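In our numbering, the protein residues as written are 407 to 664.
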């Protein structure tokens, strides 16, 4: 298991970005990569400066090796990690927005808006169910902490071993073009959502129904309704608790006929 929590600081050449260090180390040790089966990943919505090796060939045929500086979003580094960590069984993802006025200060601002394409460039909700996402293929447990819960797509839950899926923020389910694809391994689903998801006249309700249709063997859904006015800032546990309204569906049975 690799717990990974980056502090919200500016990282440059004199202080390497820890996410880049993790990716670079793992990419140089394939045997170690194969042994990583659990990842608890926290990263920030920010640009980091990294040193990378570039190679080329002179016209004379002599090899050229040089070090270059690159500015890369941390989200891209996370996406690169998922490309090489193909044996993950458990993944917890937590993405935090940088402080709007001071990048040097660690904050508790969750992202107000985020997109799956920030981590997976070129992700298309209509066609991406046909594309394998290596870091998600063998998952048994997935905790989706952030993107402010902004987006989730069926393709991220296609692991045939996935039994537990947990959303910690209100989530918007993206439409997909694979209504008949199913995974029968998922048994437990925890959701946090707006109350509109229970209203048949809202698109969120229809998209939830389409999403649930991919998991015909569900045994339990825990649903938390969250309608409090949320400004994106969490000042304390007490403040958060006072603004959260919860509705629990303790257990919901689904019949499944193969």
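Heads up, the beta-carbon is just placed ideally off N, CA and C, and yes, glycines get one too.
Since the structure is predicted, the reported quantities are computational estimates derived from the model, not experimental observations.
Item to check | Cα-Cα separation, residue 530 to residue 457 | outcome: 31 angstroms
Checklist entry - Starting from residue 631 and walking both ways along the beta strand (DSSP E), at which residues does that stretch end? => result Its beta strand (DSSP E) spans residues 626-631.
Item to check | Beta-carbon proximity of residue 445 to residue 491, cut-off 8 angstroms | outcome: Going by C-beta atoms, residue 445 is nearer than 8 angstroms to residue 491.
Item to check | Beta-carbon contacts of residue 472 that lie in its chain and below 6 angstroms, excluding the five residues immediately before and after | outcome: 460
Item to check | Distance CB(residue 546)-CB(residue 568) smaller than 8 angstroms | outcome: yes
Checklist entry - Between 469, 610, 621, which lies nearest to residue 566 when the distance is taken from Cα to Cα? => result 621
Checklist entry - Can you name, in chain order, every residue of its own chain whose Cβ lies under 8 angstroms from the Cβ of residue 608, other than the five neighbours on each side? => result Cβ contact annotation for residue 608 (same chain, cutoff 8 angstroms, sequence separation greater than five): 602, in chain order.
Item to check | Inter-residue Cα distance where the pair is residue 424 and residue 562 | outcome: When rounded, the distance between both Cα atoms is 25 angstroms.
Checklist entry - Whole-angstrom Cβ separation of residue 630 and residue 593, contact assumed at under 8 angstroms? => result Between residue 593 and residue 630 the Cβ distance is about 19 angstroms, and since that is not below 8 angstroms, they are no contact.
Item to check | Buried versus exposed call for residue 474 [16 or more other C-beta atoms within 10 Å across all chains shown] | outcome: Here residue 474 is exposed. Its C-beta has fewer than 16 other C-beta atoms within 10 Å.
Item to check | Distance, residue 476 Cα to residue 623 Cα | outcome: 46 angstroms
Next on the checklist: Between the alpha carbons of residue 526 and residue 441, how many angstroms are there, rounded?
Outcome noted: Going by the C-alpha atoms only, they are around 23 angstroms apart.
Next on the checklist: If the criterion is Cβ atoms closer than 8 angstroms, does the pair residue 499 and residue 541 meet it?
Outcome noted: no
Item to check | Inter-residue spacing [alpha-carbon to alpha-carbon] between residue 434 and residue 558 | outcome: 31 angstroms
Item to check | Residues near residue 549 in its chain [Cβ-Cβ closer than 6 angstroms; skip 5 each side] | outcome: 498, 572
Checklist entry - For residue 496, which of 615, 581, 544, 455 has the nearest alpha-carbon? => result 544
Item to check | DSSP three-state assignment for residue 524, whether helix, strand or coil | outcome: The answer is helix: DSSP assigns residue 524 an H, G or I state.
Item to check | Closest by C-alpha distance to residue 582, when choosing among 605, 537, 595, 600 | outcome: 537
Next on the checklist: Using only CA atoms, which one of 604, 595, 489 lies nearest to residue 436?
Outcome noted: The shortest C-alpha separation from residue 436 is found at 489.
Checklist entry - Which residues does DSSP pair with residue 550 in a beta bridge? => result Answer is 499, 573.
Next on the checklist: Could you tell me the alpha carbon to alpha carbon distance between residue 385 and residue 454, rounded to whole angstroms?
Outcome noted: No answer is possible for residue 385: it lies beyond the span of the chain, which begins at 407 and ends at 664.
Checklist entry - Does DSSP put residue 446 in a helix, in a strand, or in coil? => result Three-state result, residue 446: strand.
Checklist entry - Secondary structure at residue 478, three-state DSSP: helix, strand or coil? => result strand
Item to check | residue 580 versus residue 438 - alpha carbon distance | outcome: 34 angstroms
Item to check | Per DSSP, cross-strand counterpart(s) of residue 579 | outcome: According to DSSP, residue 579 bridges with 558.
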